[in-house]
Amino acid sequence: MEQIEVAYDALAEGRNQAAIEQMRNSDLVKAGDPAALINLGTAYARLGMIEEARESFDAAAASEDRYMLELADGSWVDSRRAARTARRNLTSEGAFASR
């Protein structure tokens, strides 16, 4: 299965600003890649940049590209479902709602 660079390491290490800088101008984000947009939205959310996070998650959900993503817990989910779930779990404070 093909793997693409979507700032996973920076996110996993809690380096959210680095993830944003890495992804913001990437060709993947510009092309509307769902994984890149979801990870960008996650970094924005962690930094309280709620509007930017919403925009990233909405763009990922609307992307013409669609594929299965491996989540941090090792499970696999459809990219549109992952984007919609992330958007729904976003709270007004910019953090993710706990499950």
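If you use my numbering, the sequence shown closes out at 196, no skipped numbers anywhere. Note that beta-carbon positions come from the ideal geometry of N, C-alpha and C, so glycine has one too.
_Would L144 and Q114 qualify as a contact pair, given that the criterion is a beta-carbon distance under 8 Å?_
yes
_Comparing C-alpha positions only, which one of A132, M165, A109 and G171 sits nearest to A156?_
A132
_Taking only three categories from DSSP, how would you classify E102?_
Correct three-state label for E102: coil.
*Can you have a look at T188 and say buried or exposed, based on whether 16 or more other CB atoms are within 10 angstroms of its CB?*
Using a 10 angstroms sphere on the CB of T188, the tally of other CB atoms stays under 16, which defines it as exposed.
_Local conformation of E148 per DSSP, three classes_ = In this structure, E148 counts as helix in the three-state DSSP scheme.
*What are the residues that DSSP puts in a beta bridge with E161?*
Answer is none; E161 lacks a bridge partner.
*To the nearest angstrom, report how far apart T92 and V126 are at their CA atoms.*
Beyond the ends of the chain as shown, which are 98 and 196, falls residue 92; an answer cannot be given.
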